[in-house]
Amino acid sequence: MDSARRLGPAQIGVLAQLGVSTVLLGGIYALIAVGLTLIFGIMRVVNFAHGEFLMLGMYLAFWAFTAYSVDPWVMLFVSIPIFFVVGLVTYALVMRGVIHASHNVQIFTTVGLSTALQNVALVLWTGDFRIVRPWHSSVVIRFADTAFNLSQVVAFLIAVALTVALFAFMKWTHTGRVMRATAQDGDAATLMGIDTDRVYRLTFAIGIAAVGAAGVLVAPLYAVYPTAGLQFVLLAYVVVVLGGLGDMVGAMLGSLIVAAVEVIGSYLFGVAWKEVLYFVLFIAVLAFRPAGLFGQRGAETLGA
Amino acid sequence: MPRRTLAIAVVALMLVTGGLLAVVHGQSLSGEYKIGVLEPLTGPLAGEGKRHLEGYEIVRDMINERGGVMGKKLVFAVADAPDPTAAASEANRLITREGVKIITGTFSSRLCGAASEAAARHNVVYWETSCVDPRFNKRGLKTVFRTEIDATGFGWYNVEFIAKHLAPRFGKKPNELKIAFLSEDSSYGQGVTESARQRAKQEFGMQEVAAEYYSFTSINDFTPIIAKFKQLAPDVVHHIGYTNDAPLFWRQAREQNFLFRAHVHAGATGYGSPDFGKALGADANGAFALLEPGPGFRIEALRPEGQKLEREFREAVQKRTGSYPLGGHQLAGGGLWLLKLVLDRARSDDPDKFRAAVMALDLPVGSVINGWGVKFAENGQNANDRVQHYMLQWQNGQLVTVWPEEFTTNRAKWIPLGAWDQRK
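Those protein sequence lines, which keep their order, are chains A and B. For the working numbering, add 2 to where a residue sits in the first sequence, where the first one is 1. For the working numbering, add 597 to where a residue sits in the second sequence, where the first one is 1.
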């Protein structure tokens, strides 16, 4: 155990690898969390079915790859419009009816949607674990003492690009400004002539498109099965709370923090501790900075 | 003679001759004997549940060809148990509505506890053929039996393999081996791992360098563990994984160039699942998984009666599924055959007579399907060293039987495991 304490070249190698792992894992979490934080921040709806849309994205990548040999990287471009439409349809069929209802009703609705989607996947595709294995999933890039998987590096880069794009969209486009206005005060936005229903519909569709794309990108890295979304979605909630509701850049930073807690905690204390650690962090943030580490004070009550 | 009477007489005559024909045919199956079969046939466990049902049906037909049970044709009342609640309520229904005195099933450790509890409450025999929850036989239930070994038995076999086969091939004594334990934290993973840890340490003095548990529902990255393990440099990694995490660990170990001499798993999930090979292709080479016999199994190594049974069983599975028997077929089929042996002896489903017959059964390894033997303990558990298990290894896309060597034509390769790209 003594060698673990001394800082030699081996130790620096381990540190470098842990750093790389944190960044790459954080990228995957961010990819999943941006859509959630968008829906959460603007619609004030906790979408408990978020993980299931991730799962559907993974299945889309699986079937495209298995049946038509379409690489997930190609599928990414197809998946964004597909999931945008899926988001619109889901909004029309499920969310529109409860958007002005109490939080309890919304929670029941999205939990119901989550269970329904899981079981639809189970009926259609059975509980088997499926694997997507494109050429890049087994390509390893070695740099100094660190190693990383090509699929994961690309997933990370796209996560950054997607977050930046969404951030820019929200900040500098007219629609983005309208969405932010709706987030700040739905009623006032309506009075200003903003069609909030349209904003909600659009928000939901963008959020689902983002998570669907995330599913396609993580498919080469993880097994695909009906409850695959649950593996990530709990983390996504932590990320969203850490980063502040509706804050894109906060989601990115929150993802990195959660990933760092997970990676470094697993290394130092053992992997069994990782969930203890980040939920302690989660509770601490809720207790001391309820608007999130990067959110504005008081933002948590907006639109409540 | 009126026409109707004549017709009745003819029918009666036909029935009698028909009955006589059946008697002449040898087996004189007078009536049916019904047992309850409880398996998850819908829901997430359905794939494996259906395979078990298939195994039962194949062996049921073998049994009926040999005269059935207690002189009657064996038939099933099949019920679906997708979750523990359904397992208990369907067990109750089978007993009260279908009137069965024996229930077999339910393979999953999530289900067997509830199902057997319900059966025991009605004083009905519960005959488990595959669930591996170590708690199953620790409840003092007199009518509950298990033909397959439990998770602790898997740990027992894994250490047996490491100490008696791997250590000599590494040119080391067992007490010179450094072993790292890694496991998912379900009752199965913990049962296997804890019993393996105990036996490795107490009986063989192996050096445990790590013991890590994780939840397979939330593990997304193994690199921190791999970084830690790399520094501890274990000879053997004992990893009980589930279906999503095993390929992840293996892929990341390769990425991180984590080198160890051998990697050992137990059970039909994780490294023992066909999905592992699908996920990794030739990169899967070298991983070991303790299972039922697979390709390479030498039937000639069994006792003569076992050879005959095993051949017939394989042919029947081949005919029905077009493939080599899978774990579900083997556990269900092997277990049901043992039930037949008990009923042959007990000639009754009375719980006391049945139990006496179970306890009296004593067959050496190689006697029945899967090369198993039988010797039940008082707690209703078949003995570890009778329920022969086999080490399989991934070799170029296939899991093949490699140990014990007298039972197989294949040999374990890559011992010790070389560099990741040298395992071809």
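The C-beta atom is built at its ideal place from N, Cα and C for all residues, glycine as well.
Beta-carbon gap between residue i and residue j smaller than 8 Å
i	j	result
residue 785/B	residue 834/B	no
residue 672/B	residue 629/B	yes
residue 987/B	residue 888/B	yes
residue 44/A	residue 184/A	yes
residue 287/A	residue 237/A	no
residue 777/B	residue 20/A	no
residue 932/B	residue 726/B	yes
residue 225/A	residue 922/B	no
residue 700/B	residue 717/B	no
residue 212/A	residue 37/A	yes
residue 1080/B	residue 779/B	For chain B, the structure presents residues 598 to 1021; residue 1080/B sits outside this window and is missing.
residue 924/B	residue 865/B	yes
residue 749/B	residue 731/B	yes
residue 636/B	residue 650/B	yes
residue 1014/B	residue 858/B	yes
residue 633/B	residue 684/B	no
residue 100/A	residue 108/A	yes
residue 227/A	residue 132/A	yes
residue 808/B	residue 829/B	no
With 16 other Cβ atoms within 10 Å as the buried cut-off, status of residue i
i	result
residue 926/B	buried
residue 285/A	exposed
residue 847/B	buried
residue 201/A	buried
residue 141/A	exposed
residue 827/B	buried
residue 193/A	exposed
residue 981/B	buried
residue 975/B	exposed
residue 724/B	buried
residue 126/A	exposed
residue 143/A	exposed
residue 146/A	exposed
residue 880/B	buried
residue 293/A	buried
residue 277/A	buried
Close-in-space but distant-in-sequence residues of the same chain around residue i (CB under 7 Å, 5 per side omitted)
i	result
residue 997/B	891, 892, 893, 989, 990, 1007
residue 698/B	721, 722, 946
residue 615/B	At residue 615/B, the pLDDT of 48 sits below 50, so the modelled position is not reliable and the matter cannot be decided from this model.
residue 241/A	31, 35, 253, 256, 257, 260
residue 803/B	771, 772, 774, 776, 797
Residue(s) in a DSSP beta bridge with residue i
i	result
residue 724/B	701/B, 742/B
residue 886/B	862/B, 989/B
residue 151/A	142/A
residue 675/B	634/B
residue 810/B	780/B
residue 960/B	971/B
residue 132/A	226/A
residue 804/B	775/B
residue 1005/B	894/B
residue 654/B	Looking at the DSSP assignment, residue 654/B forms no beta bridge with any residue, so it has no partner.
residue 629/B	670/B
DSSP three-state assignment for residue i, whether helix, strand or coil
i	result
residue 979/B	strand
residue 969/B	coil
residue 998/B	strand
residue 662/B	helix
residue 769/B	coil
residue 670/B	strand
residue 292/A	coil
residue 122/A	helix
residue 729/B	coil
residue 833/B	strand
residue 16/A	helix
Cutoff 6 Å; reference residue i; Cβ partners in own chain excluding five residues on either side
i	result
residue 161/A	29, 32, 33
residue 904/B	896
residue 306/A	Bear in mind that the predicted position of residue 306/A carries a pLDDT of just 38, short of 50, making it too unreliable to give a figure here.
residue 929/B	649, 652, 653, 726
Residue i CB to nearest heavy atom of the ligand FMN below 7 Å
i	result
residue 731/B	Annotation note on the ligand FMN: not contained in the displayed structure, which lists no ligands.
Contacts around residue i, its chain only, beta-carbon distance under 8 Å, and the 5 residues preceding and following it disregarded
i	result
residue 119/A	51, 54, 55, 57, 58
residue 682/B	711
residue 1012/B	763, 766, 767, 858, 859
residue 950/B	943, 944
residue 626/B	619, 661, 664, 665, 668, 669, 670
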